[in-house]
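Residue numbers (the numbering used here), protein chains in the order written: chain U, 242 to 492; chain P, 242 to 492. Don't be surprised by glycine CBs; every beta carbon is placed ideally from N, CA and C. The block underneath contains the structure these notes are about, expressed in structure tokens.
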DNA sequence: CATTATTGTCTAAAAAAAAGACATTATATC
DNA sequence: GATATAATGTCTTTTTTTTAGACAATAATG
């Protein structure tokens with residue numbers, strides 16, 4: 242299948258994914274740098290196949306970038322203003338890959354559809370950053386994690402999409418217990434607190450935070466974690482539920 | 242402009258609106274009954290013009306049905322499963338209006354696009370039910386308010402869309418102060434309480450509810466409302482902010 | 001002018017959240 | 001092996017918020 246055969250896709254609709262990971266008290270976004278001359282990054286995205294649901298399309302796009310399929314993801318908003326499209330930038334991308342198109346026997350007309358107005362469905366994904374090995378697509382020259390507070394220049398309205406995703410994560414962190422999808426299988430209470438403080442950008446008191454989390458009765462206490470540090474070793478915990486069961490309040 | 246000229250629209254994408262009103266302790270949905278033989282209602286919906294933003298499209302669709310343009314509305318979810326489309330029902334609709342198409346010089350091919358798979362963007366609108374005079378479109382035989390708890394049979398996945406809209410309204414009622422869009426310009430505290438109890442489906446104590454709302458410092462107290470009832474007359478209140486400023490927390 | 005049905009507002013009790021205090025413990029140092 | 005250090009686990013106290021209870025105010029009615 243040619244990746245730019247417009248008959249396969251729903252036209253003028255795309256999916257953009259904000260893939261979030263957590264490490265070192267930083268919320269990080271996985272961003273490919275596309276192969277064009279300018280210094281511009283984009284959200285990993287793609288199109289929806291005619292015989293594919295939205296969620297399946299998002300999962301496919303995520304699997305292509307992260308190599309993992311059991312991922313927590315959720316749509317959070319549609320972006321459909323008239324100004325968001327940028328035919329000029331798309332032209333640059335097409336120009337860069339022109340030789341490849343010629344080889345495949347594609348004409349300018351065949352690929353012109355990507356320059357039309359697009360409506361984009363925003364998904365956010367929460368992953369254990371240590372499980373992910375970023376994958377470059379044919380169109381990328383790199384694909385790396387960036388601190389959400391220091392994003393490189395993003396194309397189209399992608400900076401806005403990231404900020405809206407963060408807003409949603411903040412809102413939902415207290416409704417569903419989705420934050421644990423950002424942590425590894427086992428973790429210490431300090432790591433949970435670091436995560437909450439980073440996402441919500443506010444400090445918690447250690448004693449009260451621990452009580453709050455434990456009172457939710459969602460964590461299973463495991464053995465202690467001995468790091469070699471000269472202090473009392475913290476317990477490890479594991480989240481009781483799986484990805485699919487994390488939806489506790491909404492939906 | 243012909244309403245079924247596919248060149249004007251973004252293909253395979255529609256907007257469905259859950260228009261909510263409040264009256265008599267009931268949350269009500271505005272539902273047109275489409276002109277086909279079967280007893281089936283649909284959400285008021287439409288397509289997105291190529292030169293129109295999503296919000297503008299939704300506003301246009303709403304204005305067509307309700308006659309008012311200053312409306313609180315917000316997208317809440319995209320519906321894009323493979324099963325949601327129903328070519329059979331669309332065929333029935335086309336059959337019913339066949340004569341009209343022939344008159345306009347349209348062929349079966351010209352209108353076949355409406356039977357393809359559609360992705361639908363769900364919007365909900367909150368209106369003062371007393372300001373709205375429901376309007377039938379050319380395709381409707383009626384357009385009325387229905388208690389959300391006793392909906393008539395709905396086409397496609399529209400019943401699910403309504404329930405998801407209600408879920409969002411419940412979630413957002415405590416984050417933004419959108420509920421007041423369902424009330425008239427002025428209202429008594431009892432009406433606010435009735436609204437909250439209906440939407441959230443739980444009772445509040447009168448004294449504590451009043452304190453909670455007044456402590457928000459969002460209401461302006463006006464004169465008393467004398468109804469002729471043999472009891473103390475309640476004060477009237479007005480919401481301080483306008484529609485556009487209702488977004489206090491998110492976004 | 002007493003009665004009735006609500007409404008507005010105050011106070012008391014209960015619950016929850018925030019702050020403070022302190023014992024525990026894994027390792028390093030002596 | 002005793003002591004010091006730094007972080008952890010947990011308890012108590014204080015403060016704030018929420019819930020519950022109580023009662024005066026008032027607009028008709030008869």
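Q) Are residue 381 (chain U) and residue 276 (chain U) touching if we call contact CB-CB under 8 angstroms? A) Note that the C-beta distance between residue 381 (chain U) and residue 276 (chain U) is below 8 angstroms.
Considering only their Cβ atoms, is the gap separating residue 263 (chain U) from residue 439 (chain U) smaller than 8 angstroms? Taking 8 angstroms as the cut-off, the Cβ atoms of residue 439 (chain U) and residue 263 (chain U) count as close.
Which residues of chain P have a Cβ atom closer than 9 angstroms to the Cβ of residue 295 (chain U), listed in chain order? 319, 320, 321, 322, 360, listed in chain order.
Cross-chain neighbours of residue 291 (chain P) in chain U, by beta carbon under 8 angstroms
Chain order gives the chain U residues near residue 291 (chain P) as 358, where near means a beta carbon separation below 8 angstroms.
request  = Compile a chain-ordered list of the residues in the segment 242 to 264 of chain P whose CB is closer than 7 angstroms to at least one CB of chain U.
outcome  = Flagged, chain order: 251, 252, 253, 254.
Restricting to Cα atoms, I'd like to know which of U:252, U:345, U:268 is closest to residue 406 (chain U).
It is U:268.
### Task
Grab me the residues of residue 429 (chain U)'s own chain with a C-beta within less than 8 angstroms of its C-beta, minus the 5 sequence neighbours each way, in chain order.
466, 475, 476, 477, 478, listed in sequence order.
Confirm, please, whether the CB-CB distance from residue 373 (chain P) to residue 309 (chain P) is below 8 angstroms.
A contact, by the Cβ cut-off of 8 angstroms.
Tell me the rounded alpha-carbon separation between residue 285 (chain U) and residue 376 (chain P). So the alpha carbons of these two residues sit roughly 43 angstroms apart.
Per DSSP, which one or two residues make a beta bridge with residue 269 (chain P)? Per DSSP, the beta-bridge partners of residue 269 (chain P) are P:262, P:388.
Which runs of the alpha helix (DSSP H) fall wholly inside the segment 263 to 330 of chain U and span at least 4 residues, in chain order? Within the segment 263 to 330 of chain U, the complete alpha helix (DSSP H) runs of at least 4 residues are 295 to 307.
Enumerate in chain order the residues of its own chain whose CB-to-CB distance from residue 330 (chain P) is below 6 angstroms, with the five nearest sequence positions on each side excluded. Closer than 6 angstroms at Cβ, skipping near neighbours: 396.
What do you get for residue 491 (chain U), buried or exposed, if any count of 16 or more other CB atoms within 10 angstroms of its CB means buried? Confidence at residue 491 (chain U) is low in this model, with a pLDDT of 33, below 50, so the placement of that residue should be treated as unreliable; the coordinate-derived value is given next. Under this definition residue 491 (chain U) is an exposed residue.
| Considering only C-alpha positions, which residue in the set U:400, U:366, U:346, U:298 is nearest to residue 413 (chain U)? | Comparing Cα-Cα distances from residue 413 (chain U) to each of U:400, U:366, U:346, U:298, the minimum goes to U:366.
Review point. Does any C-beta atom of chain P lie closer than 8 angstroms to the C-beta of residue 451 (chain U)?
Key: No, residue 451 (chain U) lies away from the interface with chain P (no Cβ there is under 8 angstroms from its Cβ).
| message | If I measure Cβ to Cβ from residue 427 (chain U) and keep anything under 7 angstroms in the same chain, skipping five residues before and after, which residues do I get? | response | Once the five neighbours on either side are set aside, the close Cβ partners of residue 427 (chain U) are 463, 477, 478, 479.
Of all Cβ atoms in chain U, is any one closer than 8 angstroms to the Cβ of residue 434 (chain P)?
So, not an interface residue.
Distance, Cα to Cα, residue 447 (chain U) vs residue 360 (chain P)? Here the alpha carbon of residue 447 (chain U) sits roughly 46 angstroms from the alpha carbon of residue 360 (chain P).
Tell me residue 465 (chain U)'s beta-bridge partners as DSSP assigns them. Looking at the DSSP output, residue 465 (chain U) sits in a beta bridge with U:476.
Q.
Does residue 418 (chain P) come out as helix, strand or coil in the three-state DSSP assignment?
A. Assignment of residue 418 (chain P) by DSSP, reduced to helix, strand and coil, places it in the coil class.
Does at least one heavy atom of the ligand MG sit under 7 angstroms from the Cβ of residue 299 (chain P)?
As for the ligand MG, it is missing from this structure, which has no ligand bound.
Exercise. Which residue's Cα is closest to the Cα of residue 296 (chain P): P:408, P:364, P:400?
Worked result: Among P:408, P:364, P:400, the Cα nearest to that of residue 296 (chain P) belongs to P:364.
- Got a sec, what are the start and stop residues for the beta strand (DSSP E) residue 454 (chain U) sits in? Judged by DSSP secondary structure, residue 454 (chain U) falls outside any beta strand (DSSP E) and instead within the alpha helix (DSSP H) spanning 447 to 456.
Partners in chain P for residue 316 (chain U), counting only beta-carbon separations shorter than 8 angstroms: Chain-order list of chain P residues neighbouring residue 316 (chain U): 318, 319, by C-beta distance under 8 angstroms.
- Under a three-way DSSP split, which group does residue 366 (chain P) fall into? Here residue 366 (chain P) sits in strand by DSSP.
For residue 252 (chain U) and residue 252 (chain P), which I take to be in contact (beta-carbon distance under 8 angstroms), what is that distance rounded to the nearest angstrom? The distance from the Cβ of residue 252 (chain U) to that of residue 252 (chain P) is about 5 angstroms, consistent with a contact at the 8 angstroms cut-off.
- prompt: Which partner residues of residue 254 (chain P) appear in the DSSP bridge assignment?
  reply: Per DSSP, P:360.
- prompt: Who are the Cβ neighbours of residue 504 (chain P) in its own chain at under 6 angstroms, not counting the five residues just before and after it?
  reply: Given that chain P is displayed from residue 242 to residue 492, the structure contains no residue 504 (chain P) and the question cannot be resolved.
Problem set entry | Candidates P:332, P:339, P:261, of which the one nearest residue 272 (chain P) by Cα | Per the Cα distances, P:261.
**Request:** Identify the continuous alpha helix (DSSP H) that holds residue 439 (chain P) and give its terminal residues.
**Result:** 430 to 441 is the span of the alpha helix (DSSP H), which, as asked, contains residue 439 (chain P).
Any idea if residue 416 (chain P) is buried or exposed, counting beta-carbon neighbours within 10 angstroms, 16 or more meaning buried?
Exposed, since its Cβ has fewer than 16 Cβ neighbours within 10 Å.
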